[in-house]
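Trainee:
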Amino acid sequence: MASTLSDQLEEVRCHAEACLYSTGSVLEVRAGISAMANIPLPPSAKYRYIAAETMIIENGVNNNRKETIGSLQRLSTALNILEKYGCNLTSSSRPKYWRAVKHNNPVFRATVDVIQGGRAVLCLYGYSNQQPDGLSFPDEVVEPDIEKVAAVTLEVMSLRMELDMLIKEAHPHPEFFERIIPSLNQKDDFEPISDAVAIPSSLRESQPLYMSLASLSQSPTSAFLPVRTANASTSTSISTRHTDNCTICAIFPVAAHCNSCVQWLCTECDRLYHSSAERANHHRTVVTSSKMRKNHSSLLSWHCTHCTRVNSNQDILCETCERPRLASSGSAKDEFPQPFTITEWQCKSCTVVNAGSSILCEVCERPRLATKPPATPTRPTPTPNRPAAPVLGMPGDPDSQWMCQFCTYINYTPASVCEMCDLPRPEPTKMRVKLHPPSQVKKVPVLSVKPKDPPMEDPDLRRQKLMREEGLKLIQLIRDGEKKGVSPEEVYTGMRVSGDGNILPCDWLKAELPHLLDQICATATSSRAADLKAGQNQNGTGTAEDTGVEEEQTRGGGVTLSRAEAKLAWLSAGGDTERAAKQALRDRHSKVKELCSLGFTDEVRCQEVLRQSEGEVRGALSLLQRPLMEPFHQRMWSDQPEPPIDINHPDKQRVCRRLLAVYDLPSWGRCELALSLLQERTAPYSLDDVVQAVRESHDRDFIRRVLAKECPICLSEFPHSKMQSLTSCQCSVCCGCFQQHFTIAVRDKHIRDMVCPVCWEPDINDPEHLNSYFSTLDIQLRECLEPEVYDLFHKKLTEQALIKDPKFLWCSHCSYGFIYDGDQLKVTCFQCRNSFCAQCKKPWESQHGGLSCERYQSWKRENDPEYQRQGLAGYLRDNGITCPNCRFQYALSKGGCMHFSCSQCRYQFCSGCNNPFHTTCAVIHCSVTGLHAHHPRDCLFYLRDWEPGRLQALLQNKGVEFNTDTPPGTQAGLCGVIEQKDESGQQTDSACGAQTQPGHAGLCEKHYREYLVSLINSHSIDPAPLFNANELVLACRRYQVDDARGELEDDVTYYTRILEKLIDEVPLGDKVPRKK
556 MASTLSDQLE
566 EVRCHAEACL
576 YSTGSVLEVR
586 AGISAMANIP
596 LPPSAKYRYI
606 AAETMIIENG
616 VNNNRKETIG
626 SLQRLSTALN
636 ILEKYGCNLT
646 SSSRPKYWRA
656 VKHNNPVFRA
666 TVDVIQGGRA
676 VLCLYGYSNQ
686 QPDGLSFPDE
696 VVEPDIEKVA
706 AVTLEVMSLR
716 MELDMLIKEA
726 HPHPEFFERI
736 IPSLNQKDDF
746 EPISDAVAIP
756 SSLRESQPLY
766 MSLASLSQSP
776 TSAFLPVRTA
786 NASTSTSIST
796 RHTDNCTICA
806 IFPVAAHCNS
816 CVQWLCTECD
826 RLYHSSAERA
836 NHHRTVVTSS
846 KMRKNHSSLL
856 SWHCTHCTRV
866 NSNQDILCET
876 CERPRLASSG
886 SAKDEFPQPF
896 TITEWQCKSC
906 TVVNAGSSIL
916 CEVCERPRLA
926 TKPPATPTRP
936 TPTPNRPAAP
946 VLGMPGDPDS
956 QWMCQFCTYI
966 NYTPASVCEM
976 CDLPRPEPTK
986 MRVKLHPPSQ
996 VKKVPVLSVK
1006 PKDPPMEDPD
1016 LRRQKLMREE
1026 GLKLIQLIRD
1036 GEKKGVSPEE
1046 VYTGMRVSGD
1056 GNILPCDWLK
1066 AELPHLLDQI
1076 CATATSSRAA
1086 DLKAGQNQNG
1096 TGTAEDTGVE
1106 EEQTRGGGVT
1116 LSRAEAKLAW
1126 LSAGGDTERA
1136 AKQALRDRHS
1146 KVKELCSLGF
1156 TDEVRCQEVL
1166 RQSEGEVRGA
1176 LSLLQRPLME
1186 PFHQRMWSDQ
1196 PEPPIDINHP
1206 DKQRVCRRLL
1216 AVYDLPSWGR
1226 CELALSLLQE
1236 RTAPYSLDDV
1246 VQAVRESHDR
1256 DFIRRVLAKE
1266 CPICLSEFPH
1276 SKMQSLTSCQ
1286 CSVCCGCFQQ
1296 HFTIAVRDKH
1306 IRDMVCPVCW
1316 EPDINDPEHL
1326 NSYFSTLDIQ
1336 LRECLEPEVY
1346 DLFHKKLTEQ
1356 ALIKDPKFLW
1366 CSHCSYGFIY
1376 DGDQLKVTCF
1386 QCRNSFCAQC
1396 KKPWESQHGG
1406 LSCERYQSWK
1416 RENDPEYQRQ
1426 GLAGYLRDNG
1436 ITCPNCRFQY
1446 ALSKGGCMHF
1456 SCSQCRYQFC
1466 SGCNNPFHTT
1476 CAVIHCSVTG
1486 LHAHHPRDCL
1496 FYLRDWEPGR
1506 LQALLQNKGV
1516 EFNTDTPPGT
1526 QAGLCGVIEQ
1536 KDESGQQTDS
1546 ACGAQTQPGH
1556 AGLCEKHYRE
1566 YLVSLINSHS
1576 IDPAPLFNAN
1586 ELVLACRRYQ
1596 VDDARGELED
1606 DVTYYTRILE
1616 KLIDEVPLGD
1626 KVPRKK
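The numbering used here runs 555 ahead of the 1-based position in the sequence shown.
The structure is reproduced here in structure tokens:
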């Protein structure tokens, strides 16, 4: 038999465990738990993981049955919490902080921590790591052992169900528990009578009392019927007996009775039991038990499905979340309250939305609807017996439940204290009275009722009630007074003084207070006069002189109070007029003494100004100081100019005060420093210069250096405020030299000559520096130049900006510049009315019409005798110098000095490669100082040193033709190329005049080289292949090319390698003119 029961237990356990951690339904798990609890085995043999028998002995052994039942109820509550921990771990959506259990949780402290063996169950779940504030899973554990947790949770559920049945005296085998807890055999007179059906012991042993609830819907013939024996009458009497709970689950109330199978079923069991096809046609009758009818008639509340608040049955909207009551009338389901399920709830402390199955917040671990956790009692108060709670959060009869407002735990009547947090049950919300139309009521004769004697009223309660009424009345009066501008002190004092409860304090203050204040003022005046007269009588009769003094004291001693002073004294005295008069006199006397201590000794005047200022010392002080400030005010508001500061005035403090007031110096010490500097005999300083220098620094030596700056142009000394400097340098010149320099530069020089007269900075060739420099220079010149000179500066600055326009053209006849928007080649100058080509800038000829510039130049070389006579000199003239900045063309040779300065824009550049000349180099690792430029390797700057034969060889290697014969008609022996020469400081254009050489096409050697280099540049020929070893190494070092030589590298390999590296890394010049 024992083996059979063990096999049955193992079968039920395996099925329930699979349902718990898989997708099994709640009903299947509940049926398995119920079957495990009903198997007739002792706890030591039934429970495999938890020490059930030890937990029952340690937590349930007491002196009598009542205490034992209370201990078992606390153990059942703790098992309910442990069950929820296990269900959270086996759930597919575990809470966020499932890895730890905090000891400071009030629910945990009040339930699990007060029993023996609670933490051992948590260790079985996996919380084996001890923390300072609780338990947690070990760090190496990533996921809990679901199968083990499900097995432990199933045993916790089964033990809780057995304890609940034992408390209700509905356990089928209580002898197993009575053997380990002897006090359960004792019978108390105050035990609640259970309404469960008692099953005889003969029926318990006949067959096992469990069956999987899932088999109810699977098997058509087998059903979970009431236990039957051979005695039919006994069986019939048991089966036909009407109970309040379902005969299958024994938990939920009866909802229907089946006459075919003779079953009393709840709603869920009825649906599942009659889902079989063979039992679908059974006739069932809806049953309303006496208990249900009673509870249904007295149902006065409903639970909000959103926030779980218990509302009055007459409320349509929830009082907390204002959501409508989700219930429909007229259906069969409304007759029986259905279990409600909370899907989610929002924590009121941290606003996190938690799952409906969670009791604590996942983030802050605060219970539902919690504000501040109360102090946990050291010993929980035993609560009355209650019915067994549903499994897995499924509620039972809602009419016998109440929800704790702190932890939202569902408790059962008649318990008045929450079993979870030990807080008392809140008072039921008063129902809102709704008026209904009068209905016809049957008249019933009134029964005579003996009147009861009124209960004796407690004097303390009556006193408290009276104090509360008086306090509320005072608060209302204060609020009314605030609306009328009356302070609470005035309301309270007026209520005390008036004494009549029918008169409002505000009305009394408005009607009677002014007269009362006048009375206080008169009393104070008469009292002061009486005191002075009494003092005179005590002194006796004196001489006439003494009598005059006494009369003066009597005349001056009369005190006239203002109503404001009298009102303050009246409030401080609590409404007593005599005390208020004395208090007002004392206050007035202390204020007069305060004014006298400030230097105002006339008491009569002090009394008067205090009366005018209504007792305010600050207002009285202002009235006393006004006559003293009158001369200053008249001087401040007069139209006459302020008199100058006399430095030699004998009163130094007066001078310092004037400096401090007029020039707003930072301190008195700076004023004395400025005065000492101005009084020096050898110091030619002005007052404004000294004040400005002293305002910047307090160092005397530094101030002297600032006040004695030397101008580097005129060598005169000026203060720093009289010196001017440019933003491009640190040089400073006096204002006169600054103005004279830029006036001459604007009138007689170019715009690029407007630089510092001392260091000639900045370098205006840089466009970025040019724009920023002129923007700041314009502000400085606006203040110091004359209007016509400043207008000329703006005109030149505008022309400088127009030069950079791509449509700007220079006339080739008169050097006049203008903007040309046309698209024709022929352009007519607005100044000289001559025409020229917009593309090649050559004077316009009729033959140029209809021809491109290249074809026109080819025609001119073949048909123009004058051009043919000039030969290569004309070629060099046509391919002369073009300014890269303003695009102005010069019919000049490039030979000679490569440094060229444009006469139009003063731009300095190399005529061979168009790179700028500058003094501040922007090239990295450049160590050259002074004016210089950086040239590419194909620039005329380097190739002009080559022999003509070497240049010709370079052209021949690339297949480029060049001239060697002298053109016919040219002047023999002299070079006729036009070049720019510097004669007596003047730059003039004239012929070269040097001796020509045979084979140089009628040119001198210098200009013939220029001709050959122009061909090299026109065809973009790289001269590097003809470099010798020394030139190749120098070029690599000049252009920062690595020329390191290998250890085993011969000359040919080395020079070939660095040549290829130079050609690859350093390109030819990008600005070199390449006209063909």
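Just so it is clear, CB atoms sit at the ideal spot from N, CA and C, and this is done for glycine as well.
Let me check you understand the geometry: is the CB of SER1370 closer than 7 Å to at least one non-hydrogen atom of the ligand GDP?
Mentor: Within the structure as shown, the ligand GDP is missing, as the structure has no ligands at all.
Trainee: Is the beta carbon of PRO1503 less than 8 Å from the beta carbon of TYR1594?
Mentor: Position 948 of the sequence shown, counted from the first residue, corresponds to residue 1503. Position 1039 of the sequence shown, counted from the first residue, corresponds to residue 1594. Taking 8 Å as the Cβ cut-off, PRO1503 and TYR1594 do not qualify as a contacting pair.
Trainee: Quick one, which of LYS621, HIS1489, SER648 and THR666 has its alpha-carbon nearest ILE1479's?
Mentor: The residue labelled residue 1479 in the question sits at position 924 within the sequence shown. When only C-alpha atoms are compared, the closest one is HIS1489.
Trainee: Determine the burial state of PHE1257: buried for a count of at least 16 other Cβ atoms within 10 Å of its Cβ, exposed for fewer.
Mentor: Here the question's residue 1257 lines up with position 702 in the sequence shown. That one is exposed.
Trainee: Using 8 Å for Cβ pairs, my map puts PHE1517 next to LEU1570. What's the rounded Cβ distance?
Mentor: Reading the sequence shown from its first residue, position 962 is the one you call residue 1517. Reading the sequence shown from its first residue, position 1015 is the one you call residue 1570. Contact holds; Cβ gap of about 6 Å.
Trainee: Measure the alpha-carbon distance for GLN1402 versus TYR1411 and round it to whole angstroms.
Mentor: Here residue 1402 is taken as the residue at index 847 of the sequence shown, counted from 1. Here residue 1411 is taken as the residue at index 856 of the sequence shown, counted from 1. Those two C-alpha atoms are separated by around 7 Å.
Trainee: Answer with buried or exposed for LYS1065, where buried requires no fewer than 16 other C-beta atoms within 10 angstroms of its C-beta.
Mentor: Within the sequence shown, residue 1065 is the residue found at index 510, counting from 1. Exposed, by the Cβ-count rule.
Trainee: Compare the Cα-Cα distances from VAL707 to each of PRO1199, ARG603, LYS1362 and PRO1312 and report the closest residue.
Mentor: Reading the sequence shown from its first residue, position 152 is the one you call residue 707. Cα-wise, what sits closest to VAL707 is ARG603.
Trainee: Taking the beta carbon of PHE1385 as the centre, do at least 16 other beta carbons fall within 10 Å, making it buried, or is it exposed?
Mentor: Here residue 1385 refers to the residue found at position 830 of the sequence shown. Flag for PHE1385 reads exposed.
Trainee: Excluding sequence positions up to five away, which residues of its chain have a Cβ less than 7 Å from the Cβ of CYS1226?
Mentor: Counting from 1 along the sequence shown, the entry for residue 1226 is found at position 671. Excluding positions up to five away in sequence, the list reads CYS1211, LEU1214, LEU1215 and LEU1220.
Trainee: Under 8 Å between the Cβ atoms of ASN643 and PRO650?
Mentor: Residue 643 sits at position 88 when you count from the first residue of the sequence shown. Residue 650 sits at position 95 when you count from the first residue of the sequence shown. Contact flag set, yes.
Trainee: From the DSSP output, in three-state form, read off GLY1174 for me.
Mentor: The residue you call residue 1174 lines up with position 619 of the sequence shown. GLY1174 falls in the helix class under three-state DSSP.
Trainee: Please classify THR1519 as buried or exposed, where buried requires at least 16 other C-beta atoms within 10 Å of its C-beta.
Mentor: Reading the sequence shown from its first residue, position 964 is the one you call residue 1519. So THR1519 ends up on the exposed side.
Trainee: Could you spell out the range, first to last residue, of the beta strand (DSSP E) harbouring ARG826?
Mentor: One-based indexing of the sequence shown puts residue 826 at position 271. That residue, ARG826, is in no beta strand (DSSP E); its alpha helix (DSSP H) goes 822-828.
Trainee: If you compare alpha carbons, which of SER1152, ASP1142, LEU1340 and LEU1262 is closest to LEU1233?
Mentor: Looking up residue 1233 in the sequence shown gives position 678. Considering only alpha carbons, the answer is LEU1262.
Trainee: Can you give, in chain order, each stretch of the beta strand (DSSP E) that sits fully within the segment 662-692 and has at least 3 residues?
Mentor: Entirely contained in the segment 662-692, the beta strand (DSSP E) runs reaching 3 residues are, in chain order, 684-686 and 689-691.
Trainee: Would the beta-carbon of VAL1627 fall within 8 Å of that of ASN1469?
Mentor: Walking along the sequence shown from the start, residue 1627 turns up at place 1072. Walking along the sequence shown from the start, residue 1469 turns up at place 914. Taking 8 Å as the Cβ cut-off, VAL1627 and ASN1469 qualify as a contacting pair.
Trainee: Looking at the structure shown, is LEU1214 part of a helix, part of a strand, or coil, going by DSSP?
Mentor: The residue given as residue 1214 occupies position 659 in the sequence shown. Note: LEU1214 maps to helix in three-state DSSP.
Trainee: Could you tell me the boundaries of the beta strand (DSSP E) in which GLN901 lies?
Mentor: Taking the sequence shown and counting its residues from 1, the one referred to as residue 901 is at position 346. Unbroken beta strand (DSSP E) run through GLN901: 899-901.
Trainee: Runs of 3 residues minimum, wholly inside the segment 1438-1517: which ones carry the beta strand (DSSP E) assignment?
Mentor: 1454-1456 and 1463-1465, all fully within the segment 1438-1517.
Trainee: Since TRP1125 is in the alpha helix (DSSP H), which residue starts that stretch and which ends it?
Mentor: On the sequence shown, position 570 is the one that residue 1125 refers to. First-last of the alpha helix (DSSP H) with TRP1125: 1118-1127.
Trainee: Using three-state DSSP, classify ALA573 as helix, strand or coil.
Mentor: The sequence position of residue 573 within the sequence shown is 18, counting from 1. Three-state result, ALA573: helix.
Trainee: Nearest chain D C-beta to PRO979 closer than 8 Å, yes or no?
Mentor: Among the chains in the structure shown there is no chain D, since it carries only a single protein chain.
Trainee: With VAL865 as the anchor, note down where its beta strand (DSSP E) starts and where it stops.
Mentor: Walking along the sequence shown from the start, residue 865 turns up at place 310. Where VAL865 is concerned, the enclosing beta strand (DSSP E) stretches over 865-867.
Trainee: Check the C-beta distance from SER589 over to CYS804 and give it rounded, since I have them as a contact under 8 Å.
Mentor: Here residue 589 refers to the residue found at position 34 of the sequence shown. Here residue 804 refers to the residue found at position 249 of the sequence shown. So it is a contact: roughly 6 Å between Cβ atoms.
Trainee: Figure out for me which residue from THR840, GLU920 and ILE1374 has the closest Cα to the Cα of PRO1361.
Mentor: Sequence index remark: in the sequence shown, residue 1361 carries index 806 (1-based). Comparing Cα-Cα distances from PRO1361 to each of THR840, GLU920 and ILE1374, the minimum goes to ILE1374.
Trainee: Going by DSSP in three states, THR559 sits in which element: helix, strand or coil?
Mentor: Working through the sequence shown from its first residue, we reach residue 559 at position 4. Correct three-state label for THR559: helix.
Trainee: With burial defined as no fewer than 16 other Cβ atoms inside 10 Å of the residue's Cβ, what is the status of ARG1592: buried or exposed?
Mentor: Locating residue 1592 in the sequence shown gives position 1037, where the first residue counts as 1. Answer is exposed; the Cβ neighbour count stays below 16.
Trainee: Can you tell me which of the three DSSP states GLU1341 falls into?
Mentor: Translated into positions along the sequence shown, residue 1341 becomes position 786. Coil, per DSSP.
Trainee: Expressed to the nearest angstrom, what Euclidean distance is found between the alpha-carbon atoms of ARG620 and LYS903?
Mentor: Numbered from 1 along the sequence shown, position 65 holds the residue referred to as residue 620. Numbered from 1 along the sequence shown, position 348 holds the residue referred to as residue 903. About 42 Å.
Trainee: Along the beta strand (DSSP E) that carries ASN1585, what are the first and last residues, could you check?
Mentor: Here residue 1585 refers to the residue found at position 1030 when the sequence shown is read from its first residue. It is not in any beta strand (DSSP E) - ASN1585 instead sits in the alpha helix (DSSP H) that spans 1584-1593.
Trainee: Within 10 Å of its beta-carbon, does THR645 have 16 or more other beta-carbons around it, so buried, or fewer, so exposed?
Mentor: Within the sequence shown, the letter at position 90 stands for residue 645. The residue in question, THR645, is buried, as its Cβ has 16 or more Cβ neighbours within 10 Å.
Trainee: Spatial neighbours of SER1082 within its chain, please: CB distance less than 8 Å, with the 5 preceding and 5 following residues excluded, ordered by chain position.
Mentor: In the sequence shown, residue 1082 corresponds to position 527, counting from 1. So the list reads ALA1136, LYS1137 and LEU1140, once near-sequence residues are dropped.
Trainee: Pull the bridge partners of ALA1229 from the DSSP assignment, please.
Mentor: As a first step, residue 1229 must be located in the sequence shown, where it is residue number 674. Note: ALA1229 sits in no beta bridge, so no partner.
Trainee: Comparing alpha-carbon positions, which option in ALA1124, LEU1179 and CYS1286 lies nearest VAL1147?
Mentor: For the purposes of this step, residue 1147 is taken as the residue at position 592 of the sequence shown. Nearest option by C-alpha distance: LEU1179.
Trainee: Pick from LYS1415, HIS1368, CYS1408 and GLN1444: whose alpha carbon is nearest that of PRO1398?
Mentor: In the sequence shown, counting from the first residue as 1, residue 1398 sits at position 843. That would be HIS1368, whose Cα lies nearest to the Cα of PRO1398.
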